[in-house]
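Everything below concerns the one structure shown next.
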Amino acid sequence: MSASLYLLFLAAAIVPPVPTGKGPWPTRQQTADFWDLDWQLGPASVQPKAKPPTASMGLRAQGASVYRQRCSTCHGDNGRGDGPDAARFDIRPTNFTYGFYKLRSTPFPSIPTDLDLFTTLTRGIHGTPMLPWRQLSEKERWALVTHLKSLSPRFKMERVQKSIRIPPPPPETDELRLRGQRLYALMECATCHGDAGAADGPIAKDTRQWGPNSAAPIRDFTRGRFIRGTEMTDLFVTLQTGMDGTMMGSYNALLSEDEVWAVAAYVRALILEHPVEHFPRARTSGSRAASLTPRSQHKAGKTADDQTAPH
Ligand code: HEC
Ligand code: HEC
71 MSASLYLLFL AAAIVPPVPT GKGPWPTRQQ TADFWDLDWQ LGPASVQPKA
121 KPPTASMGLR AQGASVYRQR CSTCHGDNGR GDGPDAARFD IRPTNFTYGF
171 YKLRSTPFPS IPTDLDLFTT LTRGIHGTPM LPWRQLSEKE RWALVTHLKS
221 LSPRFKMERV QKSIRIPPPP PETDELRLRG QRLYALMECA TCHGDAGAAD
271 GPIAKDTRQW GPNSAAPIRD FTRGRFIRGT EMTDLFVTLQ TGMDGTMMGS
321 YNALLSEDEV WAVAAYVRAL ILEHPVEHFP RARTSGSRAA SLTPRSQHKA
371 GKTADDQTAP H
């Protein structure tokens, strides 16, 4: 790719980001900052310390009881996403009876692993009212996993597939990003996410219900709040597995692993805001926050670097 084309790409990308104060969710920004903080203070690792407790009637009863106390106000007594608080949020709490989960380490169309669900409970979902549940003991979180699984017949009828393999990410070179940019166009990601990733593609305003979890808006890459995370490996998993029940499909069959890395590098280059960097840094296990995007001197946004490991 010629240098002039790359400069053109940089110039195009420097167009100021749209998000602040715009869009149909005017209050989101204020509240999201609070959620950012909680996200930032997350643990460096979500790997459970102890082995999961063995399934038992007692564990299930505990799960049901913790669920009633902590989760049903949003997710509803029967897990239908219709609790009394649900209407307050612009992102609808998940209806667990369908058994479709966005945050999986398993290939589409598999149900998630127990560890996937445990991880979601431990980390919360960045930028949404689904906060991390670290005040619950690990045993309580595993009990909740058991309860969540009991809410959908999918967990009885289907067998969970193995988590996808995450190879080591390649270095994020300009060449890789440019390859990613071409693939972003070829795969028509911009139809939803927009050319600069600002969630303003032609069908971004399409409010039809695409699936049981599709009430969440299309991700605005420029704002840097990704529910799974913004590291290369997070994006790799998202693109390989898709987000079930939403418009965000799995690109497993369409892109090779190398191509997925290229697209991931390009998406990272579109991030303009790094919402958590102004807060005290969470303990991190290494220097994962060190990679730079091409037109930003900011550190990579996520410092509570934890959930990206294969589950
Ligand atoms: C304040 C409201 C609220 C409470 C309380 C709450 N959640 Fe959530 N939860 C949400 C919202 C909103 C979403 C959807 C986020 C999204 O789709 O991006 C969600 C999503 C989820 C998901 C789905 C993740 C996926 O992969 O799709 C799980 C699992 C979950 N919550 C578990 C729980 C459990 C267990 C509790 C109780 C310990 C709980 N939540 C309490 C609001 C809440
Ligand atoms: C048909 C519309 C559509 C297309 C096409 C699409 N996406 Fe998405 N994408 C979405 C929606 C909607 C979400 C938000 C899902 C949610 O959280 O409910 C999303 C979320 C994402 C996320 C955020 C994951 C996170 O952790 O928050 C990434 C990254 C992403 N898409 C990348 C891509 C890339 C790259 C392409 C092209 C290869 C693509 N998308 C194509 C609709 C689309």
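Take the sequence shown: its position 243, counted from the start at 1, is 313 in our numbering, and no numbers get skipped. We put the CB at the ideal spot given by N, CA and C, even for glycine. Note that the structure is a prediction, hence the values are computed from the model and not measured.
A134 and W203 have their C-alpha atoms roughly 16 Å apart. By the criterion of a C-beta distance shorter than 6 Å, G194 is surrounded in its chain by M200, L201 and P202, once the five residues flanking it on both sides are discounted. By a beta-carbon distance limit of 8 Å, A269 contacts P287. Their separation comes to about 7 Å.
Taking C-alpha positions only, P154 is separated from Y168 by approximately 20 Å.
With a threshold of 16 other beta carbon atoms within 10 Å, L214 meets it and is buried. Short of 8 Å from the beta carbon of T198, and not among the five residues preceding or following it, lie these beta carbons of its own chain, in chain order: W105, F159, I161, A286 and I297. Comparing C-alpha distances from V330 to each of T308, I341 and M313 shows the shortest one belongs to T308. It is roughly 25 Å from the alpha-carbon of M227 to the alpha-carbon of C141. Taking C-beta separations shorter than 7 Å and ignoring five residues to either side along the sequence, the partners of G264 in its chain run D270, G271 and A274, following chain order. Sequence-distant Cβ neighbours of R174 in its own chain, meaning closer than 6 Å and more than five residues away, are P182, D186 and T311.
The three-state secondary structure of D155, taken from DSSP, is coil. G267 and L340 do touch by the CB rule: their CB atoms are close to 4 Å apart, below 8 Å. Relative to the non-hydrogen atoms of ligand 1, the Cβ of K172 comes within a distance shorter than 8 Å of at least one. Not one heavy atom of ligand 2 is found less than 8 Å from the C-beta of D265. DSSP places K219 within a helical segment (H, G or I) once states are collapsed to three. For the 9 Å CB-CB criterion, T176 and S222 do not form a contact. The shortest CA-to-CA distance from F166 to any of R211, F225 and P238 is the one to F225. Nearest C-alpha to F291 among L218, Q139 and V337: V337.
Here T300 is buried, its C-beta having at least 16 other C-beta atoms within 10 Å.
Taken in chain order, the unbroken stretches of alpha helix (DSSP H) that lie wholly in the stretch 138–220 and span 4 residues or more are 142–145, 184–193 and 208–220.
G319 is not a Cβ neighbour of S284, given a cutoff of 9 Å.
Between Q132 and the set Y171, C144 and T216, the nearest pair of CA atoms involves T216. Membership of R338 in the alpha helix (DSSP H) is indicated by the continuous run E327 to A339.
Around the beta carbon of S326, fewer than 16 other beta carbons sit within 10 angstroms, so the residue counts as exposed. Distance between A323 and G128, taken at the CA atoms: about 42 Å. Of the residues assessed, S180 falls on the buried side of the cut-off, its CB having 16 or more other CB atoms within 10 angstroms. When the alpha-carbon of R211 is set against those of H196, A334, I236 and T189, the nearest one is in T189.
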